[in-house]
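Novice: Okay, handing you the structure first.
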Amino acid sequence: MEIYLTGDNVIDLLLLGLVIAGILSIVLRIAQHFLRALVVGIFCTLVPFIGLQLGLAMSTDVPTITWYFFTGIGLYFAAGAIRMGLKVTDTLFAPLKKAFETRKPKPKKVSR
Numbered sequence: 134m135e136i137y138l139t140g141d142n143v144i145d146l147l148l149l150g151l152v153i154a155g156i157l158s159i160v161l162r163i164a165q166h167f168l169r170a171l172v173v174g175i176f177c178t179l180v181p182f183i184g185l186q187l188g189l190a191m192s193t194d195v196p197t198i199t200w201y202f203f204t205g206i207g208l209y210f211a212a213g214a215i216r217m218g219l220k221v222t223d224t225l226f227a228p229l230k231k232a233f234e235t236r237k238p239k240p241k242k243v244s245r
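Be aware that the sequence shown starts at 134, since it is given in the working numbering, and climbs by one per residue.
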């Protein structure tokens with residue numbers, strides 16, 4: 134069986150490569166966000182231990198540590214949602230912002 138690389142086959146292979154590259158980049162970005170959330174959750178589990186070192190009366194049992202872990206992850210995703218909402222709002226209101234912004238007058242050149 135012989136495979137000939139015609140124009141259509143090459144275009145199909147290029148499109149397939151582009152689709153695979155796009156999917157990989159999306160998967161990597163999602164994995165990156167989950168890894169960051171995991172790191173934030175791990176650092177949030179340290180809060181009760183740091184509180185104990187500072188002399189605060191904090192519980193360090195498993196339910197408390199679990200609560201701090203999931204609260205940290207939730208706050209990470211909440212901050213991401215707020216950030217995304219602000220970007221969408223800025224994008225939507227950019228034309229209005231340009232329409233109502235005041236322009237500074239250009240200084241006049243003095244000829245001598």
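We treat Cβ as the ideally placed atom computed from N, Cα and C, and that holds for glycine.
Since the structure is predicted, the reported quantities are computational estimates derived from the model, not experimental observations.
Leaving aside the five residues before and after Ala96 along the sequence, list all residues of the same chain whose C-beta is less than 7 Å from its C-beta, in chain order.
Specialist: With the chain represented from 134 up to 245, any question about residue 96 goes unanswered, as that position is not in the structure.
Novice: Cutting at 8 Å between CB atoms, please list the residues of its own chain near His166, excluding the five before and the five after it.
Specialist: Gly213
Novice: Let me know the secondary structure DSSP gives Ala190 once reduced to three states.
Specialist: Coil, per DSSP.
Novice: DSSP state of Lys242, grouped into three classes?
Specialist: coil
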